[in-house]
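Student: For the sequence shown, counting from 1, position 36 maps to 36 in the UniProt record's numbering; every step adds exactly one.
The structure under discussion is supplied below as C-alpha cells; questions concerning it will follow.
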Amino acid sequence: MSAPSTPQHAVSAARTDPYSPKGLALSLESIGAILLAVIWILPLAYAVWAAIHPAEYTTRFVLNAPLTLDNFTRAWAAAPFARYFLNTFILVTMILSFQLVLGTLAAYALARQDFWGRDVAFALILAQLMIMPDALIVENYRTLAKVNLIDTITAIALPYIASAFGIFLLRQTFKTVPKELDDAARVEGASPLQVLMKVYVPLAKPTYIAYGLVSVSYHWNNFLWPLLVTNSVESRPLTVGLQVFSSSDQGIDWAVICAATLMTSAPLLVAFLLFQRQFVQSFMRAGIK
Numbered sequence: 001m002s003a004p005s006t007p008q009h010a011v012s013a014a015r016t017d018p019y020s021p022k023g024l025a026l027s028l029e030s031i032g033a034i035l036l037a038v039i040w041i042l043p044l045a046y047a048v049w050a051a052i053h054p055a056e057y058t059t060r061f062v063l064n065a066p067l068t069l070d071n072f073t074r075a076w077a078a079a080p081f082a083r084y085f086l087n088t089f090i091l092v093t094m095i096l097s098f099q100l101v102l103g104t105l106a107a108y109a110l111a112r113q114d115f116w117g118r119d120v121a122f123a124l125i126l127a128q129l130m131i132m133p134d135a136l137i138v139e140n141y142r143t144l145a146k147v148n149l150i151d152t153i154t155a156i157a158l159p160y161i162a163s164a165f166g167i168f169l170l171r172q173t174f175k176t177v178p179k180e181l182d183d184a185a186r187v188e189g190a191s192p193l194q195v196l197m198k199v200y201v202p203l204a205k206p207t208y209i210a211y212g213l214v215s216v217s218y219h220w221n222n223f224l225w226p227l228l229v230t231n232s233v234e235s236r237p238l239t240v241g242l243q244v245f246s247s248s249d250q251g252i253d254w255a256v257i258c259a260a261t262l263m264t265s266a267p268l269l270v271a272f273l274l275f276q277r278q279f280v281q282s283f284m285r286a287g288i289k
C-alpha cells in the first residue's frame, strides 16, 4: 500500500516565499540590480581596457584595437612595486595576527570568564565602535612620534592591532558554543587555554575566515593613515605607493596608471572571486544579517 501523496498545491505553497517581490516590484528590483551592477563594473572595465591597449586608445573604444602588456611592464619598472607589495603583505599579516590573538583572548574572557568589571569592559569596547579612526589620527601621530616610530611599518600597524569589532564578533560566536562542551573539557583536565584552543577556536573557524577577509581587505586598501606616517619607499604600502606613482611630474599616462591600479588591486579581486561563497557563508554562520 503506497503512502499518501502530498497535495501539489500544498507543496507549491510551502515553496513560495510570501515576502518575495512579484509583478512590477520584481521588475523594478531586477532593473535596479542590473543598473547597480553596471555602475560598479564600468570603472573596472575601463581600467582593464586602458591597461591592455596602447595609450592612444584610452579614450577611443575601437573593438579591433591592438592588445599589449607593455603598460604593465612600464608600470612595474617605473616604481618599486615589488617593495610596496612586500610592505603591504607584512603590514596586513602583522595586523591580522595581532588582531586574531588579542581578539580571541579578549573574546573568550568576556564570553566565559567571570571577573569584576567584565560588563563595563565590554561596554567600553562597544563604545569604541562608535569612534571613527580618523578622529584619533592627531593623537596617534603624536604618540608614535614620541617613541620614534614614524616612517615604519610598525607605525602603520600599531593603531589597529586590537579590533573592537573583532572582539565583539568573536565574543558573540563563543557565547553560542554549548557550555556543556566547556565543562566536559574541564572534567578531562583541560586548562582554560586548552579549552579555548581545542573547543572554541575550531568551532569559530567560519567567523575567523570572515573576519580575516574583512581585515585584510580593509588594511590592504587603507590610505590616509599610511600616507601620514610614511615618507620612504622602505615603509610605504601599495596604496601610498600608487598615489605617489600617479602624481608624477612627468605627466599622466592613464594606460600605465590603470595597469598599476590593476596590479595593486588584483590580489583582492582574485581573493574575492575565489572565496566569495565562503565569505558569505562565514558571515551567515557567524550570525550577521
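Glycine is no exception: its CB is placed at the ideal position from the N, C-alpha and C atoms.
(1) Leaving out five residues on either side along the sequence, give the residues of the same chain with a beta carbon under 7 Å from the beta carbon of Y108.
(2) Just to confirm before moving on: does the CB-CB distance between G241 and V229 stay below 9 Å?
(3) Once the 5 residues before and after F223 are set aside, which same chain residues still bring their CB inside 6 Å of it?
(4) Could you check whether T68 and P54 sit closer than 9 Å to each other, using their CB atoms as the reference points?
(5) Enumerate, from N- to C-terminal direction, the unbroken alpha helix (DSSP H) stretches of 4 or more residues contained entirely within the region 189 to 266.
(6) Looking only at its chain, what residues have a beta carbon closer than 8 Å to the beta carbon of L126, apart from the 5 residues adjacent to it on each side?
(7) Would a check of beta-carbon distances place L100 closer than 9 Å to chain D?
(8) What separation, rounded to the nearest whole angstrom, lies between the Cα atoms of L26 and M263?
(9) Counting only the same chain and skipping the five closest in sequence on each side, list residues whose C-beta sits under 7 Å from that of Y211.
(10) Helix, strand or coil: which one does DSSP assign to F89?
(11) What do you get for V256, buried or exposed, if any count of 16 or more other CB atoms within 10 angstroms of its CB means buried?
(12) Going along the chain, which residues of its own chain have a beta-carbon closer than 8 Å to the beta-carbon of K198, five neighbours each way excluded?
(13) Measuring alpha carbon to alpha carbon, tell me which of F81, A77, A75, A50 ends up nearest P66.
(14) Could you please give the first and the last residue of the uninterrupted alpha helix (DSSP H) stretch that includes residue 290?
(15) Whose C-beta lies closer than 8 Å to the C-beta of P267 among residues of the same chain, with five residues either side of it excluded?
(16) Quick check: what's the CA-CA separation for A123 versus P133?
(17) Measuring CB to CB, does I153 end up less than 9 Å from N231?
(18) Give the list of continuous alpha helix (DSSP H) stretches no shorter than 4 residues that lie fully inside the region 114 to 172.
(19) How far does the alpha helix (DSSP H) with V187 in it extend, from its first residue to its last?
(20) Mapping DSSP to helix, strand and coil, what is L105?
(21) Which stretch, first to last residue, makes up the alpha helix (DSSP H) that contains R74?
(22) Can you tell me whether V38 is buried or exposed, with buried defined as 16 or more other CB within 10 angstroms of its CB?
(23) What do you get for V216, buried or exposed, if any count of 16 or more other CB atoms within 10 angstroms of its CB means buried?
(24) Taking the alpha-carbon positions, what's the Q194 to S247 distance?
(25) Taking the CB atoms as reference points, tell me whether F98 and A162 lie closer together than 9 Å.
(26) Taking just the CA atoms, how far does K205 sit from Y84?
Tutor: A quick look at the data gives this:
(1) If we look at Y108 and ignore the five residues flanking it on each side, its Cβ neighbours are F174, L196, Y200.
(2) no
(3) Only T239 meet the Cβ criterion.
(4) yes
(5) DSSP assignment within the region 189 to 266 yields the following whole alpha helix (DSSP H) runs of 4 residues or more, N-terminal first: 192 to 195, 205 to 221, 224 to 229, 238 to 246.
(6) Around L126: A164, F168.
(7) Absent here is chain D; the protein component of the structure consists of one chain.
(8) 38 Å
(9) G166, L169
(10) Looking at F89 - three-state DSSP - the assignment turns out to be helix.
(11) Buried, because 16 or more other Cβ atoms sit within 10 Å of the Cβ of V256.
(12) Result list for K198: A185, A190, in chain order.
(13) A50
(14) Since the first residue of the chain shown is 1 and the last is 289, residue 290 is not available in this structure.
(15) W220
(16) 18 Å
(17) no
(18) 118 to 128, 137 to 146, 153 to 157
(19) 179 to 187
(20) helix
(21) 70 to 78
(22) Exposed, because fewer than 16 other Cβ atoms sit within 10 Å of the Cβ of V38.
(23) buried
(24) 52 Å
(25) yes
(26) 30 Å
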